[in-house]
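Participant: Below is a structure I'd like to ask you about.
Residue numbers (this note's numbering): 6 to 311.
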């Protein structure tokens with residue numbers, strides 16, 4: 006297990022970050038994805054696997070899972086995979102509740118891992134990628150909501166495609182909710198919750214950021230998720246910033262191809278529940294988060310990972 010604060014660990018992360026900036030060829034680190042002619046061009050009723058992680062964000066995950074119950078897909082089959090830790094009791098209880106819902110076209114897939122594995126998101130993403138039987142794999146965050154027609158619209162946009170990586174060309178973002186806001190608190194006390202789409206604002210996207218990475222199934226199985234970069238497959242003692250989202254695009258050799266996906270909603274929130282709530286480190290992260298959100302308010306092409 007890596008000590009996230011150690012100098013050696015930070016140096017290894019920094020070297021990969023520089024390489025992924027274009028200073029080194031991706032092929033030095035991983036074999037290229039299979040060429041388009043070796044990828045299936047599936048049509049008809051597609052199989053889509055959604056891969057999400059949750060650590061102390063049960064109130065946000067509740068909105069995500071509720072969206073599949075409230076607005077079940079009609080024309081695609083969805084596997085909803087959630088990586089979580091037994092140490093997160095609130096999330097464990099939430100998954101138990103949702104596991105009782107039988108939703109046509111939706112298969113629940115709860116994956117419990119030690120929290121040290123959960124803290125490096127690419128570990129779970131890599132496991133899901135190589136094991137998936139889906140035609141397409143959507144790597145996302147637990148604050149993303151799939152509203153009415155979202156996944157069916159995605160299925161239409163993916164008909165016959167062989168792209169390695171695609172992403173929604175727009176999403177709808179909420180106001181930035183503060184801790185204790187009634188929207189966040191509502192999810193703690195109800196089996197099913199629903200967003201108010203009228204308070205979300207459309208924002209265009211220009212690349213496949215961390216929550217919006219939709220990968221061809223053949224590419225996912227062949228390449229995994231940064232599978233050959235050891236530092237991104239190493240458990241860590243605290244939640245790791247998702248630098249691998251950027252490296253994933255670099256390894257695939259593309260920022261992704263924009264496609265029309267309706268009704269993708271993201272709940273923005275001020276406090277980061279995955280970090281310890283007290284101490285200077287937490288307060289500093291909160292202030293950095295506040296500054297980032299203010300900067301992103303003026304940008305139409307922002308993302309959470311880079």
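The C-beta atom is built at its ideal place from N, Cα and C for all residues, glycine as well. Note that the coordinates shown come from a computational prediction; the quantities given were computed from them, not determined experimentally.
Under 7 Å Cβ to Cβ from residue 259, same chain only, skipping five residues before and after it: list those, please.
Facilitator: 169, 170
Participant: Just list the residues that DSSP pairs residue 262 with in beta bridges.
Facilitator: Beta-bridge annotation (DSSP): residue 262 is paired with 171.
Participant: Throw me the rounded Cβ distance for the residue 57 and residue 249 pair, which I believe falls under 8 Å.
Facilitator: Wrong, their Cβ atoms sit about 16 Å apart, outside the cutoff.
Participant: When the Cα atoms are used, what is the spatial distance from residue 107 to residue 184?
Facilitator: 32 Å
Participant: Under 8 Å, with one C-beta from each stretch per pair, do the stretch 17-27 and the stretch 91-104 reach the 3-pair mark?
Facilitator: Three or more beta-carbon pairs separated by less than 8 Å are not found between the stretch 17-27 and the stretch 91-104, which leaves the two stretches without contact.
Participant: Return helix, strand or coil for residue 235, following the three-state DSSP convention.
Facilitator: helix
Participant: Express the C-alpha separation of residue 208 and residue 148 in angstroms, rounding to a whole number.
Facilitator: 16 Å
Participant: Compute the distance between the beta-carbons of residue 270 and residue 172, then report whether it is under 8 Å.
Facilitator: no
Participant: Should residue 147 be flagged as near chain D, meaning a C-beta pair shorter than 8 Å?
Facilitator: Chain labels in this structure do not include chain D; a single protein chain is all it has.
Participant: Nearest-angstrom Cα distance between residue 287 and residue 244?
Facilitator: Because residue 287 sits at a pLDDT of 49, beneath the cut-off of 50, its placement in the model cannot be relied upon, and the following sentence gives the value as read from the coordinates. Going by the C-alpha atoms only, they are around 12 Å apart.
Participant: For the structure I just gave you, are there three or more beta carbon pairs, one from the stretch 154-167 and one from the stretch 47-63, closer than 8 Å?
Facilitator: Using a Cβ-Cβ distance cut-off of 8 Å, the stretch 154-167 and the stretch 47-63 are in contact, since at least three pairs of beta carbons, one from each stretch, lie closer than that value.
Participant: What did DSSP end up calling residue 327 once you bin it into helix, strand or coil?
Facilitator: Past the edges of the chain, shown from 6 to 311, lies residue 327, and the structure says nothing about it.
Participant: Using the Cβ count rule (16 or more neighbours within 10 Å means buried), how would you classify residue 145?
Facilitator: buried
Participant: Over the uninterrupted alpha helix (DSSP H) stretch that includes residue 228, give me the two end residues.
Facilitator: 222-228
Participant: In the DSSP assignment, find the alpha helix (DSSP H) that holds residue 194 and state where it starts and stops.
Facilitator: Counting along the chain, residue 194 falls outside any alpha helix (DSSP H), and DSSP gives it neither H nor E.
Participant: May I have the straight-line CA-CA distance separating residue 321 from residue 11, to the nearest angstrom?
Facilitator: Residue 321 lies beyond the stretch modelled for the chain, which goes from 6 to 311, so this question has no answer here.
Participant: Run through DSSP, which three-state label would residue 60 get?
Facilitator: Residue 60 falls in the coil class under three-state DSSP.
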